[in-house]
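Below is one structure, written out as structure tokens; the observations come after it.
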């Protein structure tokens, strides 16, 4: 693929870009209900669509065999279960099998609100551990899924989404969804197609959180189709050819939800019901393990500040060794703060040029691109204190320092300037932070952004993540973007517990 088409493809996958056409996609969904599919066939088709596996179905890869399991049975691929707590609403869950960071993940996913009634109709009378549809029905469904579109009279002269676009509707929406975090995107999109996949290596969560994120995402993507149907005067999606419906299977985006879906704010519990006893599973850990927790990072930085206060020279003409030790520790502390509170890469341009620092932000040359870094309040004070401290270093050691040279530098035992490098910073963290490496603190910053709910496009911008061509036509960072970056930078500083004391 040529560079121009790669750039166009990457731009189309950027969070915050335009979602697929709702009217065309709605008509394709309606087409399923106009066809003579049974409720079980509809359920399997929509499940494959939700898991972005519909495009894989062909003559060589036929429709998978789906079964219903008990609420206490171990999860397995291509399965459903029905959860009912007491007299609460019954809710269908289906299994999602995906790969995140090259690790296979299998978890129960609650059905979207609008699909639950339909799924329940298909499953409620089915036997456990037996195929939901027969081989004959599977062959009929395969023939339908691989056949060309045959318009019904109700859809004549109406634009309908192409089969490929429809099959990948969930994938396209997940890519463009700024509310969906990287790990949730990875659970809905195959790893080969996932944009910004590197973000998955910076954050961590559990499948309990993924269930909540995916459930809300599914509801958003399907609700926009039902809203489009309402505007067109299509109030219900009904299959009148199936005689086993007790009621018409309405796709209702306002359907009542089971209580366990809203019991917790950020997660959906994994309920296990056995012998009428209800328990909950803790879920599976997903994401990076090589990171320092936000509490550990905050405590260590506070310890460094106390150590710096203890060795700070008290006299106007301090001893050379004491001044050098203070300067080097101050330099390392500011570098670690830039990584932990601003997300700077410890292996690329750790220190900005002296002339590239403003009152509230700085500009770094990061991976060949200019990257704007916003400061939380305490780092503004740190930079101001460091600049003032450098005046003493210049006069004491005669160090030459131009505007184009890095602001942060170290001094050797002779008072000669040495550049702050990734290697020297790694040695410092290894000696004083229980063998943590600088990159662990960048991951702490990413995890903090994730936990405070930072939108995906701002997350990628603050982390310096980008793909070729995604910024075509938007190379200018507008005042609103800078304002939003500053807002989330301040939230992370508050979440991490920015130092209360200054270095002055």
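In the working numbering, the protein residues as written are 1062 to 1565.
Here a beta-carbon is modelled for each residue, glycine too, at the ideal position from N, C-alpha and C.
Of all the options 1547, 1460, 1374 and 1454, which has the alpha carbon lying nearest to the alpha carbon of residue 1420?
-> 1547
Out of curiosity, what's the CA-to-CA distance linking residue 1437 and residue 1523?
-> 13 Å
Do you know offhand how far residue 1321's Cα is from residue 1288's?
-> 26 Å
Rounded to whole angstroms, what's the CA-CA distance from residue 1549 to residue 1557? Just pull it up for me.
-> Spanning the two alpha carbons is a distance of roughly 12 Å.
Name the two residues that bound the continuous alpha helix (DSSP H) containing residue 1548.
-> 1540-1557
What first and last residue would you give for the alpha helix (DSSP H) that runs through residue 1403?
-> 1381-1403
Nearest CA to the CA of residue 1092: which residue from 1381, 1198 and 1217?
-> 1217
Would you identify the three-state DSSP class for residue 1480, choosing helix, strand or coil?
-> strand
Thinking residue 1468 and residue 1412 are a contact (beta carbons under 8 Å), I'd like their distance in whole angstroms, please.
-> Between the beta-carbon of residue 1468 and that of residue 1412 there is about 5 Å, and that keeps the pair under the 8 Å contact cut.
Compute the Euclidean distance between the alpha carbons of residue 1169 and residue 1336, then round it to the nearest angstrom.
-> 20 Å
In this structure, does DSSP put residue 1164 in helix, strand or coil?
-> strand
Helix, strand or coil at residue 1425 [DSSP, three-state] = It is a strand residue.
List the endpoints of the continuous alpha helix (DSSP H) containing residue 1282.
-> 1268-1292
Going by beta carbon distance, what residues of the same chain come within less than 8 Å of residue 1453, once the five residues before and after it are set aside?
-> 1384
Cβ-Cβ distance between residue 1137 and residue 1129 below 8 Å | No, these two residues do not count as a Cβ contact at 8 Å.
Helix, strand or coil: which one does DSSP assign to residue 1036?
-> As shown, the chain starts at 1062 and ends at 1565. That puts residue 1036 outside it, with no answer to give.
Pick from 1439, 1187, 1078 and 1098 that is closest to residue 1422, judged by C-alpha positions = 1439
For residue 1332, does the count of other Cβ atoms within 10 angstroms reach 16, so buried, or fall short, so exposed?
-> Residue environment for residue 1332: buried (at least 16 other C-beta atoms within 10 angstroms of its C-beta).
Among the residues of its own chain, which have a CB less than 6 Å from the CB of residue 1078, if the five just before and after it don't count?
-> 1237
Ignore the nearest five residues each way along the sequence and tell me which others in residue 1095's own chain have a CB closer than 6 Å to its CB.
-> 1213
Leaving aside the five residues before and after residue 1268 along the sequence, list all residues of the same chain whose C-beta is less than 6 Å from its C-beta, in chain order.
-> For residue 1268, where only same-chain residues beyond five positions count, the Cβ hits under 6 Å are 1168, 1344 and 1345.
Contact check, residue 1502 vs residue 1401 under 8 Å by CB: the rounded distance?
-> 4 Å
Cβ atoms of residue 1347 and residue 1166: under 8 Å apart, would you say?
-> yes
Rounded straight-line distance, which links the Cα of residue 1154 to that of residue 1272 = Using only the alpha carbons, I get a separation of about 10 Å.
Go through its chain and collect everything with a Cβ distance to residue 1487's Cβ below 7 Å, but skip five positions before and after it.
-> 1498 and 1499
Between residue 1518 and the rest of its own chain, which residues show a CB-CB distance below 8 Å, the 5 nearest in sequence each way excluded?
-> 1075, 1076, 1077 and 1239
If you draw a straight line from the C-alpha of residue 1312 to the C-alpha of residue 1176, how long is it?
-> 6 Å
Going straight from the alpha carbon of residue 1450 to that of residue 1443, what length do you get?
-> Between residue 1450 and residue 1443, the alpha-carbon positions lie close to 10 Å from each other.
Let me know the secondary structure DSSP gives residue 1122 once reduced to three states.
-> coil
Tell me whether residue 1340 sits in a helix, a strand or coil according to DSSP, three-state version.
-> Reduced to three states, the DSSP call for residue 1340 is strand.
Check whether the Cβ atoms of residue 1119 and residue 1207 sit closer than 8 Å, and answer yes or no.
-> yes
If you draw a straight line from the alpha carbon of residue 1277 to that of residue 1117, how long is it in whole angstroms?
-> 25 Å
Distance, residue 1543 Cα to residue 1433 Cα | Their backbone Cα atoms lie some 9 Å apart in a straight line.
Counting only runs of 4+ residues fully inside the region 1188-1239, write out the alpha helix (DSSP H) ranges in chain order.
-> 1196-1207, 1224-1228 and 1230-1237
Over the uninterrupted beta strand (DSSP E) stretch that includes residue 1319, give me the two end residues.
-> First-last for residue 1319: undefined, no H or E at that position.
Three-state secondary structure assigned by DSSP to residue 1264 | Coil at residue 1264, not helix or strand.
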